[in-house]
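Input: a single structure, listed below in structure tokens.
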Amino acid sequence: MTIGSQIAWDDTVLPFQLDRSDIRGRVVRLDGVLEEVLSKHDYPPQIEALVAEASLLTALIGQAIKLRWKLSLQIRGNGAVRMIATDYYGPSEDGQPARIRAYASFVAEDLQPGARAFDQIGEGYFAILIDQGQGMVPYQGITPIAGGSLTACAETYFAQSEQLPTRFALSFGQSTAKGATHWRGGGVMLQHMPKASPGVAGEGGSGEGGLLQHGDLLDGDEGENWTRANLLLDTVEDLELVGPSVQPPDLLVRLFHEEAPRVFEAQTLRFGCSCSPDRVRESLAIYAPEEIAEMTTDEGIVTADCQFCGAHYEFDPTTLGTGARSDDA
């Protein structure tokens, strides 16, 4: 394999379908995107792991949205981790890259040394939000924090909110090449094609607190096909997921050759933030003059930092809030 062919699959999502199993899926590889997301913050290892996991889930789920739409993941908890937020911006035009950004809010003093990263979240919720653009009502679906990982939360979300059996296999970590260390991640998503009239037998599910799991939604031949595909995915190795030695099409053939995998056009990904001076001004427009005065520094300016990309903004307080001068642009 050439270096060029390895790089070609970095920061991409490859959609596919298993024609013999009525299952669709995606393969994601994050290299530069994940490195840029995490390098903009000095996160402790537990927080880095959660943000990396959330970023991979966002890339896999977000690929299904339409042009110019935005998909967001929000994880809120009452533990040391208060919030993890990610955004996937659909391409502006066909052939253009999609953009991803992510950040975490946490209380460093409350982090528990030695505890699992997921346990730092505590109780809370996992939400998916889809913004279809101006004039449209955003969609939001919520499921409780449960299952032992963000991946399990995402699987429960699709089972509970969409009644779509869904499975994720993810891997991520720091890779060292030629003396330099950087982040890499990868994953596979499987999802059963929607049924005409989805239904669930009995009450409740087999998950924590009676939540539905993907195995609760299928029976008969569909259940057998789903079980077989999941057993095949169980054989995947971490190095196959993160790459770059195994290309995604080759991985699909290795895992699912008997299921007749068929690939579609890959979507490229880039790190991208939507912050700008105008957006910050808009967010500060709701504040009264006295509130703007409280935000003003001794140097006579109002500052704001983007939580996603770290961009720093400085403003003349007389141009902000409800008391801004009418002649300001």
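Anchor point for the sequence shown: position 60 equals 60 in the UniProt record's numbering, and the numbering is continuous, going up by one each time. Where a beta carbon is used, it is the ideal one built from N, C-alpha and C, also for glycine.
Reduced DSSP category for residue i - H, G, I as helix; E, B as strand; rest coil
i	result
residue 239	helix
residue 132	coil
residue 193	coil
residue 281	helix
residue 87	strand
residue 221	helix
Cβ shell of residue i (< 7 Å), same chain only, five flanking positions each side left out
i	result
residue 218	165, 192 and 226
residue 266	12, 13 and 14
residue 105	82 and 83
residue 157	126, 128, 141 and 143
Cα-Cα separation, residue i to residue j
i	j	result
residue 78	residue 145	11 Å
residue 139	residue 95	26 Å
residue 315	residue 276	12 Å
residue 304	residue 184	30 Å
residue 10	residue 127	27 Å
residue 309	residue 41	8 Å
residue 285	residue 250	52 Å
residue 136	residue 67	14 Å
residue 263	residue 61	17 Å
residue 222	residue 22	8 Å
Nearest candidate by alpha-carbon position, reference residue i, set the options
i	options	result
residue 99	110, 86, 294 and 312	86
residue 177	26, 150 and 31	31
residue 50	289, 264, 232 and 171	171
residue 274	150, 43 and 88	88
residue 297	243, 313, 148 and 306	313
Beta-carbon contacts of residue i that lie in its chain and below 6 Å, excluding the five residues immediately before and after
i	result
residue 80	106, 107, 110, 111 and 120
residue 162	none
Terminal residues of the alpha helix (DSSP H) in which residue i lies
i	result
residue 38	32 to 39
Close beta carbons around residue i, own chain, < 8 Å, minus the five adjacent residues each side
i	result
residue 25	15, 16, 17, 18, 188, 189, 190 and 191
residue 115	46
For residue i, the first and last residue of its enclosing beta strand (DSSP E)
i	result
residue 72	70 to 77
residue 16	12 to 18
residue 297	Element bounds for residue 297: n/a, residue is neither H nor E.
residue 105	98 to 106
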